[in-house]
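Note sheet for the following structure.
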Amino acid sequence: MGYRNLASAVRDLEKSGDLVRIDCEIDPNLEIGIVQRRVYQSGGPALLFTNVRGCAFPLLGNLFGTLDRTRFLFRDTLERIHRMVAVKNDPASLLRNPLGVFDAARGGLSFLPRTVSSGPVLAHQTSIDRLPQVKSWPLDGGAFITLPIVYSESPERPGWRASNLGMYRVQLTGNRYEPNREVGLHYQIHRGIGVHHAEALERGVPFRVNIFVGGPPSLTVAAVMPLPEGMPELAFAGLLGGHRIPLIQKRGEPAIVAEADFCITGTVDPKRTLPEGPFGDHLGYYSLAHDFPVLKVEKVTHRPGAIWPFTTVGRPPQEDTSFGAFIHELTGDLIPSVLPGVRAVHAVDAAGVHPLLLAMGSERYLPYEPQRQPRELLTQANAILGQGQLSLAKYLFIAAQEDAPALDLHEIEPFFRHILERADWRRDLHFQTRTTIDTLDYTGTGLNEGSKVVVAAAGPKRRELPTQIPGDLRLPDGFGAPRVVLPGILAVEGPPAAAPRGENDPVMGDFCSFFGKDDPINAFPLVVVADDSEFTARNIDNFVWVTFTRSDPAGDIYGVGESMTAKHWGCTGALVIDARRKPHHAPALEVDPAAEKRIDALGAPGGPLHGII
C-alpha cells in the first residue's frame with residue numbers, strides 16, 4: 275500500500291500516462307523552472323528531466339502539480355484518513371460503523387516508524403557541487419533546494435518522537451557560504467525547528483540536522499502539514515503513505531529516512547548566521563538577503579538511481595497551490611473541533627496564503643439581542659489568530675454563518691459582498707499592532723514585524739453596493755482612473771508612494787480628508803489606492819494580490835471621516851487601503867526574456883517540447 279520510495283511513484287505515474295520524460299538538454303539555471311511553471315499553468319503532467327546540463331541526476335518537476343494527481347498518489351490511504359477525521363469529530367460514529375475501529379487501528383500502526391540498520395540512501399557519497407543547481411528566478415542569490423525535507427530532533431529529548439520535519443528552503447551556493455562545506459537554512463518564524471534551535475542555545479551545544487530530498491511522496495506532504503505541536507511529521511508520513519517509515523538510527527545522531535533519495539548531514543552552530551537569499555518566493559516577490567542559520571556539511575549521500583524532485587514558487591497559483599488544496603481536503607473538517615464555533619477557514623492562495631484569511635463563525639452569545647453585532651465572532655477571530663501558522667495572517671474577514679448558511683468561503687466575490695453589505699466601519703475593525711507577520715512579507719515595520727486587522731460582520735444587511743462609478747465622483751489632484759473591482763469595491767490610481775517605512779503617508783491622509791460625508795465615493799465601502807487601477811480591477815486574483823500583499827493594516831488603512839474613540843479606530847465613510855508599492859517593499863518577480871525565448875523555441879512545432887508547453 276502506498277509508495278515506499280520516489281522511483282515507484284514515478285513508474286506508476288508514467289504507466290498511467292501522467293508523467294512525461296524530457297530528454298533534451300535543459301539548463302537548471304532558469305530554464306528548468308520556466309518549463310515547470312508553464313506545464314503547471316496548463317494543468318500538465320509530472321515531468322522527469324533526464325538530461326540536465328551539468329548534472330548526473332534526473333530531476334522531477336510538477337509532481338504535485340494538479341489536485342487530481344496528488345489524490346492519485348495517496349489513493350490507497352485517503353479514505354482511511356477521512357474516516358479517522360470523522361471519528362475525531364464524532365466518536366459515536368464508531369458505534370454506527372464498528373468495522374471502522376479495525377481500519378482505524380490498522381492505519382494507526384503505520385504511525386510508528388520502524389528501525390533499520392541501513393538503507394539505500396547511504397549507498398553512494400557525493401558533494402554539494404554535484405547536486406542539481408536549480409535557480410528559479412533571475413535575482414535569486416544562488417542555487418536552492420526547493421523541496422527540501424529538513425529533519426531535526428530535540429536536543430533535550432533526542433529521537434523521532436520529539437522530531438520536526440519541515441520544508442525550509444536550503445541555499446546551496448552563493449553569498450558567503452564556503453563551497454561544499456556550508457549551506458544556508460532559511461527557517462521562518464513559527465517553525466518547529468526553531469524550538470530545537472532555542473533548546474540548543476539554552477544548552478550551549480550545536481545541533482545536528484539532516485536534509486532529505488526525495489523519498490516517499492508522503493514525506494514531502496508531511497513536511498508542509500500544519501500538524502498540532504507534539505505530533506511528529508514522520509508519524510503522519512507513515513499514515514499518509516500507508517506504511518511505517520524505515521529509519522536508520524544511530525546513537526547520538528538524528529534519524530535518517532532509509533528510502534530518501536538524497537541526504538545532506540551536518541551540524542548547526544546555534545550562534546552562527548550568514549546572509550541567505552534573495553529568493554523568488556510565493557508572495558510573488560523576492561525575499562531579500564537576511565541572516566539565517568548555516569549548516570556545516572559533513573556528508574552528502576544518495577541512493578542508486580536517485581531522483582531530485584524540485585518545484586518553483588512565485589506569484590500564485592503555483593505548484594504549492596495544489597499542496598494547499600490537498601491539505602485543506604485532509605484537515606478542513608477538523609476546524610470545528612480545533613476552534614469551537616468556527617465553521618471554516620480559507621487561506622486565500624491568490625493573496626499568497628498568509629496575507630488574507632476568510633472565515634465563517636457562529637454568533638450565539640446573545641441570541642435574544644434585537645440588533646445582532648459581532649461578539650462571539652471576535653472570540654473566534656482571536657482563536658484563529660492564535661492557531662499555528664494562521665497566526666501569521668494580516669487580514670482576517672469573518673462572517674456569521676447564521677446570516678448566510680450557504681455562503682462559500684472559496685467564492686471570493688460573494689463573500690466580500692456579504693461582508694461589505696454588513697460591516698460598520700465605526701465598530702467592526704479590530705487591529706493588532708507591533709505583532710508578528712510572515713517572514714517573507716515586507717509590508718510591515720520590520721522583518722517578522724507588522725500588524726493585523728480583523729473585520730467581523732454580523733447582523734442584517736446595512737447597504738446596497740454600487741456596481742458603477744457615480745457620474746459626480748470627484749478625486750483630488752494626483753488620483754484618477756477609478757475602476758469598479760467588485761460590487762462595493764473601487765480601485766483608484768494614486769501617485770508613487772514615498773513615505774518612510776513605519777510611517778503613515780500624508781498624501782493618503784489628504785486623500786481621505788478631501789471627501790465629505792456626502793461625497794459619492796462613500797457609496798463604496800472599500801476603496802483601494804493602487805499604482806495601476808486597471809490591473810487591480812482586471813480580475814479577482816489581481817485584486818486580492820495587490821490589495822493584501824502590498825499593504826500593512828495599521829500602516830496602510832485609512833478612512834473617510836476617521837476618528838479614534840476610547841482607543842478604537844473607525845471611520846464613517848469609505849474604508850481606504852493604500853496598496854501602492856512602497857520604497858521598503860521587496861521587488862516583484864520578473865522573468866528573464868532571453869531564457870523565456872529559449873524555451874519558446876523548444877516548444878515550437880518541431881521542437882523537443884512541442885505539445886508539452
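For the sequence shown, our numbering begins at 275 and goes up steadily by one. From the three backbone atoms N, C-alpha and C, an ideal C-beta is built for every residue, glycine too. Here the structure is a predicted model, which is why all the values come from computation and not from measurement.
Exercise. Let me know if K289 comes out buried or exposed under the rule of 16 or more other beta-carbons within 10 Å of its beta-carbon.
Key: exposed
Self-check item: N- and C-terminal bounds of the alpha helix (DSSP H) containing T810
Solution: S807 to R812
Quiz item: From Q592 to I306, what does the alpha carbon distance come to, in whole angstroms?
Solution: 15 Å
Practice problem: Can you tell me which of the three DSSP states Y560 falls into? | Solution: strand
Exercise. May I ask you to report which of helix, strand or coil DSSP gives Y314?
Key: helix
Practice problem: Sort out for me which residues DSSP pairs R701 with in a bridge. | Solution: According to DSSP, R701 bridges with nothing at all.
Quiz item: By Cβ distance, which residues of its chain are closer than 6 Å to I519, with the 5 residues on each side in sequence left out?
Solution: P387, L508, A511 and G512
Quiz item: Smallest Cα separation from G468: which of C329, V542 and I419?
Solution: V542
Quiz item: Run through DSSP, which three-state label would M838 get?
Solution: strand
Exercise. Compare the beta carbon distance of G488 and A534 with 9 Å and say whether it is the shorter of the two.
Key: yes
Practice problem: Could you check if V457 is buried or exposed, using at least 16 other CB atoms within 10 Å of its CB as the buried criterion? | Solution: buried
Exercise. Assign H884 to buried or exposed, taking buried as 16 or more other Cβ atoms, counted over all protein chains shown, within 10 Å of its Cβ.
Key: exposed
Practice problem: Report the residue ranges of all alpha helix (DSSP H) runs contained in full by the region 512-580; include only those spanning at least 4 residues, in chain order. | Solution: none
Quiz item: Taking the alpha carbon of N484 as the point to measure from, which residue in Q445, V571 and P500 has its own alpha carbon closest?
Solution: V571
Quiz item: Taking C-beta to C-beta, are K668 and T713 nearer than 9 Å?
Solution: no
Quiz prompt | Which of helix, strand or coil DSSP assigns to I743 | solution = coil
Exercise. Check each candidate in G752, V395 and E676 and name the one with the smallest Cα separation from A580.
Key: V395
Quiz item: Who are L630's beta bridge partners in DSSP?
Solution: Y669
Practice problem: Evaluate contact between the region 322-339 and the region 283-299, counting only Cβ atoms and requiring at least three cross-stretch pairs below 8 Å. | Solution: yes
Exercise. Assign K247 to one of three DSSP states: helix, strand, or coil.
Key: Summary: the structure shown does not reach residue 247, with the chain confined to residues 275 through 887, and so no result is reported for it.
Self-check item: Whole-angstrom distance between T494 and V284, CA atom to CA atom
Solution: 15 Å
Quiz item: Counting Cβ pairs closer than 8 Å, one from the region 461-476 and one from the region 425-445, do we hit at least three?
Solution: yes
Practice problem: Give the secondary structure of G307 by DSSP, where H, G and I count as helix, E and B as strand, and everything else as coil. | Solution: helix
Self-check item: Opening and closing residue of the alpha helix (DSSP H) in which Q888 lies
Solution: Because residue 888 is not part of the residues shown, which for the chain are 275 to 887, the question remains open.
Quiz item: Which value, in whole angstroms, describes the spacing of the CA atoms of I530 and T547?
Solution: 25 Å
Quiz item: Buried or exposed: R737, going by 16 or more other Cβ atoms within 10 Å of its Cβ?
Solution: exposed
Quiz item: What are the boundary residues of the alpha helix (DSSP H) that N438 is part of?
Solution: Unbroken run through N438 is the beta strand (DSSP E), S437 to G440; no alpha helix (DSSP H).
Quiz prompt | Host alpha helix (DSSP H) of N656 (start-end) | solution = E650 to I658
Quiz item: Under 9 Å, do I831 and V850 count as touching if we go by C-beta distance?
Solution: yes
Quiz item: From P567 to E650, what does the alpha carbon distance come to, in whole angstroms?
Solution: 42 Å
Quiz item: Using the rule of at least 16 other Cβ atoms within 10 Å of the residue's Cβ for burial, across every protein chain shown, is E452 buried or exposed?
Solution: exposed
Exercise. Classify Q445 as helix, strand or coil using the three-state DSSP reduction.
Key: strand
Practice problem: Assign A811 to one of two classes, buried (16 or more other C-beta atoms within 10 Å of its C-beta) or exposed (fewer than that). | Solution: buried
Quiz prompt | Unbroken alpha helix (DSSP H) run spanning P827, endpoints | solution = P827 to D830
Quiz prompt | Neighbourhood of R638 by C-beta, 7 Å cutoff - its chain only, sequence neighbours within 5 removed | solution = E650
Quiz item: Between G318 and the rest of its own chain, which residues show a CB-CB distance below 6 Å, the 5 nearest in sequence each way excluded?
Solution: none
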